[in-house]
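Just so you know, the protein sequences line up as chains V and U, in that order.
If you read the first sequence in our numbering, its first letter stands for residue 10, the second for the next number, and so on.
If you read the second sequence in our numbering, its first letter stands for residue 16, the second for the next number, and so on.
All C-beta atoms in this analysis are idealised placements derived from N, C-alpha and C, irrespective of residue type, glycine included.
As the structure is a prediction and not an experimental result, all values here were calculated from the model.
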Amino acid sequence: AQTVTQSQPEMSVQEAETVTLSCTYDTSENNYYLFWYKQPPSRQMILVIRQEAYKQQNATENRFSVNFQKAAKSFSLKISDSQLGDTAMYFCAFMMTLSGAGSYQLTFGKGTKLSVIP
Amino acid sequence: NAGVTQTPKFQVLKTGQSMTLQCAQDMNHEYMSWYRQDPGMGLRLIHYSVGAGITDQGEVPNGYNVSRSTTEDFPLRLLSAAPSQTSVYFCASRQSGQTYGYTFGSGTRLTVV
Chain V
10 AQTVTQSQPE
20 MSVQEAETVT
30 LSCTYDTSEN
40 NYYLFWYKQP
50 PSRQMILVIR
60 QEAYKQQNAT
70 ENRFSVNFQK
80 AAKSFSLKIS
90 DSQLGDTAMY
100 FCAFMMTLSG
110 AGSYQLTFGK
120 GTKLSVIP
Chain U
16 NAGVTQTPKF
26 QVLKTGQSMT
36 LQCAQDMNHE
46 YMSWYRQDPG
56 MGLRLIHYSV
66 GAGITDQGEV
76 PNGYNVSRST
86 TEDFPLRLLS
96 AAPSQTSVYF
106 CASRQSGQTY
116 GYTFGSGTRL
126 TVV
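Set out below in structure tokens:
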């Protein structure tokens, strides 16, 4: 079974600064996807960024980028120029791409609560 | 608007009561899943479906039933509610073959007293 670990339950960052959220995972599979989801106080789950394991290039989406280290099984999220609207819970998630029982389902970490301070 | 619709948004049940959480999607997605979110636990998979008529258990299935008679709908049934089932429940869906992760509903906050 896959496991996802987010070791930082809470973090804070000053507005306009940069913050990095950590995520490690454990799997014996070679083909998979990794995701970061954002959950603001509204409770909605919003996809922030995704990474395919077979791609060496790190994914970027505007102010959000990842540092994907496949050998180390690490998938951190960097938020640049933090904004007040970035205040939320952030969940790292793993999804296998092979068919079979339980595959294609998301396995989540426990989340990191990020507060952006004005 | 296209997406995943969950009803109700809030519900209070008494211990032992039964109820059904509704989930509907209009994107013709084959995969649908139910998760529960508890403080400090992240989201945990309850049941999932890979198509109409096909369901399977996730990590925490006890106390919950599901069925998938149509592509659009994936209801979650609590047969005899217990206080341990107090949680926020999310339904999510995804098209097979696409890799953009799941689309989530807005959640149902359930309190069992």
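What's the gap between the Cα of Tyr42/V and the Cα of His62/U?
21 Å
Pull up the DSSP beta-bridge partners for Gly57/U, would you.
Asp53/U
Pick out whichever of Thr30/U, Glu74/U, Phe105/U has its Cα sitting closest to the Cα of Thr118/U.
Ranked by Cα distance from Thr118/U, the options Thr30/U, Glu74/U, Phe105/U are led by Phe105/U.
Looking at chain V, which residues of the region 104–122 of chain U have a Cβ within less than 9 Å of any of its Cβ atoms?
Close to chain V, meaning a Cβ-Cβ distance shorter than 9 Å, are the following residues of the region 104–122 of chain U: Phe105, Ala107, Arg109, Ser111, Thr114, Tyr115, Gly116, Tyr117, Thr118, Phe119, Gly120, Ser121, Gly122.
From the DSSP output, read off the bridge partner residues of Asn77/U.
Looking at the DSSP assignment, Asn77/U forms no beta bridge with any residue, so it has no partner.
Considering Cα atoms alone, identify which of Thr106/V, Pro127/V, Ala102/V is closest to Thr116/V.
Ala102/V
Mind checking if Ser48/U is an interface residue toward chain V, Cβ cutoff 8 Å exclusive?
Ser48/U counts as touching chain V.
Ser82/U to Thr106/V, Cα distance in whole Å?
Straight through space, the alpha carbons of Thr106/V and Ser82/U are spaced by roughly 24 Å.
Leaving out the 5 sequence neighbours to the left and right, which residues in its chain are closer than 7 Å to Gln100/U when beta-carbon positions are compared?
Gly78, Leu93, Leu125, Val127
Indicate whether at least one CB of chain U lies closer than 8 Å to the CB of Gly118/V.
True, the Cβ-Cβ gap to chain U drops below 8 Å.
Nearest chain V C-beta to Leu58/U closer than 8 Å, yes or no?
yes
Looking only at its own chain, which residues have a Cβ that is under 8 Å from the Cβ of Leu28/U, when we skip the five neighbours before and after it?
Met34, Leu93, Ala96, Leu125, Thr126, Val127, Val128
Please list, in chain order, the residues of the region 51–69 of chain V that have any C-beta partner in chain U closer than 9 Å.
Ser51, Arg52, Gln53, Met54, Ile55, Leu56, Arg59, Glu61
Reference Ser31/V, options Gln114/V, Gly94/V, Tyr99/V, Glu70/V, closest by Cα
Scanning Gln114/V, Gly94/V, Tyr99/V, Glu70/V for the CA closest to the CA of Ser31/V turns up Tyr99/V.
Taking the C-alpha atoms as reference points, what is the distance between Arg59/V and Gly116/U?
8 Å
Name the DSSP bridge partner or partners of Cys101/V?
Cys101/V pairs with Trp45/V.
Within 8 Å of any Cβ in chain U, is that where the Cβ of Leu30/V sits?
no
Secondary structure of Gln23/V, DSSP reduced to three states
strand
Could you give the residue range of the beta strand (DSSP E) that holds Leu36/U?
34–40
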